[in-house]
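Below is one structure, written out as structure tokens; the observations come after it.
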Amino acid sequence: MLQPEANTSTSNHGESKRLSDDDLGFDPAQSLASIDGQKEHSDTDEASSDRQKECSESDEGSSDSTGNHGEFEPSQILAAIDGQKKHPESDEGSSDSEDVGMDESELDYAAFRTITTFLHIIQTRPGPRHSNTKEDNTSASPNDRLVLKLCNSFAILSVIRHEVVAVGVGLRLESPQPEVELLLTEQGLKNFDILFNENPRARDSKILRAVDEDKLREPKPPLALMQTYGKNCDMEQFRKYLKELKVAIKDPTLEEHVWMLQKIFNTFKSSKELQGPLFHYIIVTCFPKMCARIRHRRSLFYIEVLRRIQPRGSGFVISKEPLAPSETSNNDGFTQPQPVSFAPSNEPATRNNHDLDFLKELVGHDDFPSAKFPTLHERFKKMKQQKELFLYDKETCGEFCSVVNLVLQGFREKLLVLRSYRPTSDNGSYTTKQASKAPNQVNRYGHLLHKLSRCAALRMYLRHVNPLLSDFSVTAPKRVYLFKEKCADTLDREAEAEELEAELEAGLETDNKDFEFPTEPEEEFTRKDALAWQIYLRWIKLLVSHFSAATMLTVHLSKQGFPVITVNLLETSPGSNRLIPWKTLLKNRKYFPRLTDDYSPGMGPSRSNEEIISILEAAISSKPYDHGFQLQNIRDDWEQIMNGRPTENERLEFANDFDKRFRKIEETIGICGCVAYAQDIRKNLEVWKGAESQSISISSSLILSKIDSMMELCYVFSQFAAPSHFRGTVHCEASMANFLSCSDQRKRQDWKDYGRIIAVSKKNCPSCRALLDLLRKDGSPFLSRGPHKFVFPCSLPLNLEKSIIEEMNSTFGARLRRDLLDFLSSMESRPRSYSTSSNASSEMLDLPSIETEDFAVYSDREE
Numbered sequence: 001m002l003q004p005e006a007n008t009s010t011s012n013h014g015e016s017k018r019l020s021d022d023d024l025g026f027d028p029a030q031s032l033a034s035i036d037g038q039k040e041h042s043d044t045d046e047a048s049s050d051r052q053k054e055c056s057e058s059d060e061g062s063s064d065s066t067g068n069h070g071e072f073e074p075s076q077i078l079a080a081i082d083g084q085k086k087h088p089e090s091d092e093g094s095s096d097s098e099d100v101g102m103d104e105s106e107l108d109y110a111a112f113r114t115i116t117t118f119l120h121i122i123q124t125r126p127g128p129r130h131s132n133t134k135e136d137n138t139s140a141s142p143n144d145r146l147v148l149k150l151c152n153s154f155a156i157l158s159v160i161r162h163e164v165v166a167v168g169v170g171l172r173l174e175s176p177q178p179e180v181e182l183l184l185t186e187q188g189l190k191n192f193d194i195l196f197n198e199n200p201r202a203r204d205s206k207i208l209r210a211v212d213e214d215k216l217r218e219p220k221p222p223l224a225l226m227q228t229y230g231k232n233c234d235m236e237q238f239r240k241y242l243k244e245l246k247v248a249i250k251d252p253t254l255e256e257h258v259w260m261l262q263k264i265f266n267t268f269k270s271s272k273e274l275q276g277p278l279f280h281y282i283i284v285t286c287f288p289k290m291c292a293r294i295r296h297r298r299s300l301f302y303i304e305v306l307r308r309i310q311p312r313g314s315g316f317v318i319s320k321e322p323l324a325p326s327e328t329s330n331n332d333g334f335t336q337p338q339p340v341s342f343a344p345s346n347e348p349a350t351r352n353n354h355d356l357d358f359l360k361e362l363v364g365h366d367d368f369p370s371a372k373f374p375t376l377h378e379r380f381k382k383m384k385q386q387k388e389l390f391l392y393d394k395e396t397c398g399e400f401c402s403v404v405n406l407v408l409q410g411f412r413e414k415l416l417v418l419r420s421y422r423p424t425s426d427n428g429s430y431t432t433k434q435a436s437k438a439p440n441q442v443n444r445y446g447h448l449l450h451k452l453s454r455c456a457a458l459r460m461y462l463r464h465v466n467p468l469l470s471d472f473s474v475t476a477p478k479r480v481y482l483f484k485e486k487c488a489d490t491l492d493r494e495a496e497a498e499e500l501e502a503e504l505e506a507g508l509e510t511d512n513k514d515f516e517f518p519t520e521p522e523e524e525f526t527r528k529d530a531l532a533w534q535i536y537l538r539w540i541k542l543l544v545s546h547f548s549a550a551t552m553l554t555v556h557l558s559k560q561g562f563p564v565i566t567v568n569l570l571e572t573s574p575g576s577n578r579l580i581p582w583k584t585l586l587k588n589r590k591y592f593p594r595l596t597d598d599y600s601p602g603m604g605p606s607r608s609n610e611e612i613i614s615i616l617e618a619a620i621s622s623k624p625y626d627h628g629f630q631l632q633n634i635r636d637d638w639e640q641i642m643n644g645r646p647t648e649n650e651r652l653e654f655a656n657d658f659d660k661r662f663r664k665i666e667e668t669i670g671i672c673g674c675v676a677y678a679q680d681i682r683k684n685l686e687v688w689k690g691a692e693s694q695s696i697s698i699s700s701s702l703i704l705s706k707i708d709s710m711m712e713l714c715y716v717f718s719q720f721a722a723p724s725h726f727r728g729t730v731h732c733e734a735s736m737a738n739f740l741s742c743s744d745q746r747k748r749q750d751w752k753d754y755g756r757i758i759a760v761s762k763k764n765c766p767s768c769r770a771l772l773d774l775l776r777k778d779g780s781p782f783l784s785r786g787p788h789k790f791v792f793p794c795s796l797p798l799n800l801e802k803s804i805i806e807e808m809n810s811t812f813g814a815r816l817r818r819d820l821l822d823f824l825s826s827m828e829s830r831p832r833s834y835s836t837s838s839n840a841s842s843e844m845l846d847l848p849s850i851e852t853e854d855f856a857v858y859s860d861r862e863e
């Protein structure tokens, strides 16, 4: 049992020293010059490089090539703090200095990096109030849509782990009929030239920064293939190489991967020849991404919800017993959902061609014999003869419910088995007969789940059980634990997990019609606020997106007359990674306007720029780092109390102890939101120490939730004070759009004629979407996927026109001001949108609590 006035605190990572204001003796406000800006006489590339090295010794293999696009890492902030303590500088040249030692162009680029960095800090708080998306009115012909889908499929297949890849294409049609839905081969397709570009990796940044102009080059084959058969191996040699290909310890590079895809599609021309080699290669190569998705905590939550839905009569109920006992969930007052009757509405049953495809796959699968699923086996026989019959109805709903659960669980289990055979050393390899069968088992379940995701029966089933489905209640954000020291591997896994969280929320699909074109929306995705069944359907589609992409490319590229595809890689420089001090940014009207056009009274009180700067100064000068460390220790102590069973006298002692600690914070912290939370917690402590036994858990959780809120505010202001190192990059879609928009002016004879379509392996970020709207290809706007919700730290491509740079800074500077006003107005009383004790809201389902570490996405370092 934790004792009052304890001098040490034990966290999940061992002993943690409790830090007070006096212990640290460090003022983050004084560190801005050394972290955010450099004095004029020391503003050199060497100084910048040294500062980056001090902030991060493990930059290689970091997440700047992921969809996370550059979340700041705690280890870098802590390193910057330690460095400043050892090498304090004078106030001269601090954050309010207007001279940052850059020319006008460099300052414009650095300003945009800083704006997007601060926007990301604010917008990734739970429940942002403003959308960064707008309706995309880009017109698209049926031909454009088809080509975009093909490019999107290539982009998805290019992702092995957590890369972000953009794909462009050049093609020529002899007899184009753009307004008619025809296969490209029926319009005289003469060439299909693909261009790939990925977010720069940390390990390649130094080389790419030396690139003075955009470069195109052909990819090289894997070294193992070259050593065995050479670059020009014949079909049988290549087939043998693919058949013997196993899960390797290291992922191939994008260059090797896209060369293999090109070789596969150009070697095996018929659908029958292509399917086996393609899917085997995709599974043994891209399984890390598939595993990461299905092992994510959101996926486990959805699988558990569906597993607990059981047929009863002509309806369904939620089984009461969870899969595993929960130590933190509370059954008191839990109301069991009412059974759902079949056909809760008058909506008629439907079927599509995929229903029969799914049943055919199902009845041929060894794990679904007729003895266990007689109704579905009989329905398959009848549906082949009677077109008016449906897969999902009153007779089949019970077996169909079981099949959905078993297919999801089977796909997950087979992926984890395959993952277990990954060697742990360069000399390791699996050779057992069972191991050699693992890719095929993943393939069978993957195809089954892919066909299930497309059939009308799944939509009907999910709509039917919609009242029993729960949406995911997000757990406390990872950055709440910023002030615990962690190893670099843990931070990388957490960054990847956050990227997956955003990806699962966005719900990318490969084979549906929802490409953000208002003229042809898919019915179930037209609502802004998706229903639970729609969220589950999107999630299932995302799990099998590699299978969907491979299937689509197999259908089209195996058509007779489809030309040999060519592949090129685009190399561009990511440019500098410098930021400018926050106060320099906010004092410059060019980047941070006085007023924004979209301000409304509902956003809270309007504040002048001077008021905003004053509030930030007060918060930063009150040492948010120090208070964050103190709050982390307080949180650890409070969790120990929650896990124990303190007596009434012990609760009285603990309450008095914590009241003193929060009173000290209330008196010393300069963040008004934290002051309000501290005052609320002190009132809650009074309630807690005299609460009845059944109310103790609720009061404890409320206090913990408010501690998390305080820590999050400390995180935000500490990031404003010292974003020690720009963690973003130039996004691949932005680089490709810039290259394509100006390629006509500097085109070389060996360059292909690429068009205006840019597909990305995930939705565009809002800043890239805005840039694509400004740039033009042959006078036409670029065609791409719609944006997701959050701005990520990013830089602009080099050599942009000055007017476009100014427009981007103006647009997102105004957005930063708007979001800052919203943040400052709402930080005292914003509603909680995550739970601290369970992965599911107690008002929905009492599902088992699962530790965060169980969902960590384990990945090998890039180097």
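Residue numbers (UniProt numbering): 1 to 863. Note that CB positions come from ideal geometry on N, CA and C, so glycine has one too.
Contact check, residue i vs residue j, beta carbons under 8 Å
{"i": "R682", "j": "D659", "result": "yes"}
{"i": "I665", "j": "Q630", "result": "yes"}
{"i": "S767", "j": "V730", "result": "no"}
{"i": "I194", "j": "V167", "result": "yes"}
{"i": "S573", "j": "N197", "result": "no"}
{"i": "G728", "j": "T117", "result": "yes"}
{"i": "N143", "j": "P200", "result": "no"}
{"i": "F411", "j": "R351", "result": "no"}
{"i": "residue 873", "j": "L585", "result": "Here the chain comprises residues numbered 1 to 863, so residue 873 is not present and cannot be evaluated."}
{"i": "S153", "j": "M552", "result": "yes"}
Alpha carbon of residue i to alpha carbon of residue j, nearest angstrom
{"i": "P593", "j": "C794", "result": "21 Å"}
{"i": "W582", "j": "G315", "result": "58 Å"}
{"i": "D108", "j": "K587", "result": "14 Å"}
{"i": "K802", "j": "K763", "result": "27 Å"}
{"i": "S705", "j": "Y241", "result": "55 Å"}
{"i": "V164", "j": "I156", "result": "9 Å"}
{"i": "A691", "j": "A655", "result": "12 Å"}
{"i": "P288", "j": "K250", "result": "11 Å"}
{"i": "Q262", "j": "G230", "result": "16 Å"}
{"i": "G276", "j": "E807", "result": "50 Å"}
{"i": "K387", "j": "T375", "result": "17 Å"}
{"i": "I535", "j": "L306", "result": "13 Å"}
{"i": "A218", "j": "L570", "result": "The residue you asked about is not Ala; residue 218 is Glu in the sequence shown. Computed Cα separation, rounded: 9 Å."}
{"i": "A722", "j": "I264", "result": "48 Å"}
{"i": "M642", "j": "H120", "result": "33 Å"}
Simplified DSSP assignment, three categories, for residue i
{"i": "D251", "result": "coil"}
{"i": "S795", "result": "strand"}
{"i": "L783", "result": "strand"}
{"i": "L775", "result": "coil"}
{"i": "F823", "result": "helix"}
{"i": "D103", "result": "coil"}
{"i": "E653", "result": "helix"}
{"i": "D355", "result": "helix"}
{"i": "N588", "result": "coil"}
{"i": "V567", "result": "strand"}
Range covered by the alpha helix (DSSP H) that runs through residue i
{"i": "G398", "result": "397-420"}
{"i": "F373", "result": "Careful: F373 lies outside any alpha helix (DSSP H) and carries neither H nor E."}
{"i": "L531", "result": "First-last for L531: undefined, no H or E at that position."}
{"i": "R635", "result": "624-643"}
The beta strand (DSSP E) enclosing residue i, as first and last residue numbers
{"i": "A759", "result": "758-760"}
{"i": "K433", "result": "Note, K433: premise wrong, no beta strand (DSSP E); alpha helix (DSSP H) at 433-454."}
{"i": "R172", "result": "165-173"}
{"i": "F720", "result": "Element bounds for F720: not the beta strand (DSSP E) but the alpha helix (DSSP H), 693-721."}
Residues sharing a beta bridge with residue i, DSSP
{"i": "T729", "result": "C794"}
{"i": "P311", "result": "F316"}
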